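Have a look at the structure below before the remarks.
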Amino acid sequence: MNDINGYERLRRILRIHFDPDEGTPYWLEHEAALGLDVRRNIKTLDDLAILGPMDPEALACRPVEDFIPKQFHQERQFHLAETGGTVGRPKFAVHRHDEFEAAFIEPFYKAAKRCAFPRDSHWLFIGPTGPHIIGKAAARCAQVWGRGDCFAVDFDPRWAKKLVPGSFAAKRYLHHVQDQALRVLETQSIRVLFSTPAVLLTLCDRLDNTQRQAIQGLHLGGMSASDAFMQTMALQFPNAVILSGYGNTLFGMMPQLAYSATQGIAYFPLGDRLSIRLVPELSEAVDLTSQVNYDQRGRVVIHRLDEMQLIVNMVERDTAIRIPPLKDAVDQGFFQDGLQDVQPITNQTAAPRLGLY
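If you want the working numbering, it's the 1-based position in the sequence shown plus 355.
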């Protein structure tokens with residue numbers, strides 16, 4: 356983390372989650388098992404390595420209350436969400452309303468302002484709703500940047516992942532999603548599409564030239580966007596500003612602040628609620644104490660420092676290149692290092708199950 360104020364946030368969050376009486380059950384158990392006094396032993400972000408990697412299965416199988424500080428167990432203003440199950444079983448996440456805004460909405464708002472993303476237009480969101488946070492984020496982003504609530508086409512990403520790629524069932528399900536989107540596009544004045552690269556890539560084949568030219572903005576989420584995809588979208592939607600986001604249900608969203616065809620998309624976290632470390636790609640047992648140099652590729656490890664839920668040393672399914680902050684974005688709150696050219700890991704032990712999301 357590049358701002359010393361981030362260390363004050365770390366100390367405050369640790370005081371909350373490791374309070375002996377009102378702290379978080381999961382983290383108090385973990386502290387006891389390791390024989391630590393976290394509030395005394397951990398002073399910096401580097402010190403978080405002594406807690407070891409986050410156990411993703413705990414987020415999938417334990418009650419959500421185990422990850423919420425006891426002092427907030429009577430809190431009512433929060434969002435519950437589940438991951439899409441891209442790697443392993445779906446995990447549970449909780450975001451207090453103000454922390455949801457900081458995680459998903461404020462980063463989009465600031466990035467949209469930087470890139471002149473079209474305002475005051477109708478949005479069409481094509482993606483998962485229900486337990487998936489991206490649907491809630493889409494509706495809220497459309498409220499603050501568009502013309503109110505977004506039009507939406509829902510799909511089930513877990514079911515899509517179960518279907519055999521290229522099978523009749525997979526093609527039929529995708530066609531069903533496309534049909535619903537086309538109905539909205541044919542009857543409503545849609546200027547912004549928010550969906551995943553997989554959906555948009557196939558949808559554009561069913562849009563005529565007039566429909567594609569009418570789109571002024573593309574917001575991407577849910578999956579990584581390759582250079583080839585970005586170039587295809589620029590050709591298919593010549594009047595659209597393209598804004599991608601990297602993140603997930605557990606942590607929030609890091610928006611695209613820069614892009615080049617040779618170096619890929621550059622994503623940056625807003626503020627100090629997230630801390631990103633790119634560790635060397637040595638093996639599955641990553642070294643949490645190390646970090647790659649600038650312009651080197653490493654595996655993504657994320658800390659989420661929120662009052663409602665603390666996640667430490669989550670080893671992600673992606674790799675990226677470490678880059679320094681953009682000078683013209685630091686004053687806007689993007690003062691941390693960024694991630695460039697994010698790519699999913701595809702080896703046998705960590706291969707994600709990709710579908711529409």
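Ideal Cβ positions, reconstructed from N, Cα and C, are used throughout, including at glycine.
Bear in mind that the values here come from a model prediction, so they are computed numbers and not experimental data.
Under the three-state DSSP convention, the category residue i falls into
i, result
"T674", "strand"
"I666", "strand"
"R628", "coil"
"L391", "coil"
"Q611", "strand"
"L660", "strand"
"R561", "helix"
"V539", "helix"
"F373", "coil"
"V647", "coil"
"L518", "coil"
"H574", "strand"
"L598", "strand"
"L681", "coil"
"R654", "strand"
"L633", "strand"
Check whether residue i and residue j have beta carbons under 8 Å apart
i, j, result
"D642", "V634", "yes"
"A415", "K465", "no"
"M585", "Y614", "yes"
"I678", "D661", "no"
"T587", "L556", "yes"
"P486", "D509", "no"
"A595", "Q611", "no"
"P424", "E377", "yes"
"R632", "Q651", "no"
"A388", "T644", "no"
"F422", "Q664", "yes"
"R367", "D627", "no"
"L537", "P552", "no"
"P593", "Q568", "yes"
"E384", "F373", "no"
"V547", "V532", "no"
"E461", "T604", "no"
Minimum C-alpha distance to residue i - residue among the options
i, options, result
"G602", "H428, T674 and T701", "T674"
"H452", "D421, I488, L612 and Q568", "I488"
"G607", "H385, E363, F373 and A493", "A493"
"G439", "N396, A515, D410 and C470", "A515"
"A413", "I676, V667 and L694", "V667"
"K491", "F427, L435, L400 and D421", "L435"
"Q535", "I481, L400 and V670", "I481"
"W500", "L598, F472 and H385", "F472"
"I700", "A583, F689, V670 and F690", "V670"
"D560", "L590, Q426 and I397", "L590"
"D582", "I397, D696, R431 and P375", "D696"
Start and end residues, alpha helix (DSSP H) containing residue i
i, result
"G443", "Where G443 is concerned, there is no enclosing alpha helix (DSSP H), given that its DSSP letter is neither H nor E."
"I488", "I488 to W500"
"L590", "D582 to Q591"
"R469", "E461 to C470"
Own chain residues within Cβ distance below 6 Å of residue i, not counting five before or after
i, result
"Q698", "T674"
"I545", "H477 and L479"
The beta strand (DSSP E) enclosing residue i, as first and last residue numbers
i, result
"H434", "F433 to E437"
"V547", "I545 to S550"
"P699", "G693 to P699"
"D453", "First-last for D453: H452 to F455, but that is the alpha helix (DSSP H), not the beta strand (DSSP E)."
"L406", "Per DSSP, L406 belongs to no beta strand (DSSP E) and is neither H nor E."
"F506", "F506 to D509"
"F480", "H477 to G482"
"A714", "This structure gives no information on residue 714, because the portion of the chain shown stretches from 356 to 712."
"A621", "G619 to Y622"
Same chain, Cβ closer than 7 Å to residue i, five either side skipped, listed in chain order
i, result
"Q703", "Its pLDDT being 49, under 50, Q703 is placed unreliably by the model, and nothing is read from it."
"R502", "D475, S476 and H477"
"D686", "none"
Chain-order list of residues whose beta-carbon lies under 8 Å from that of residue i (same chain, five-residue window excluded)
i, result
"L540", "L479, L562 and Q566"
"D358", "Any reading at D358 needs caution, since the residue's pLDDT is 47, under 50, leaving its predicted position unreliable; the model's value is listed next. For D358, where only same-chain residues beyond five positions count, the Cβ hits under 8 Å are D627, F690 and Q691."
8 Å Cβ cutoff, residue i in contact with chain C
i, result
"L479", "The structure shown contains no chain C; it holds only a single protein chain."
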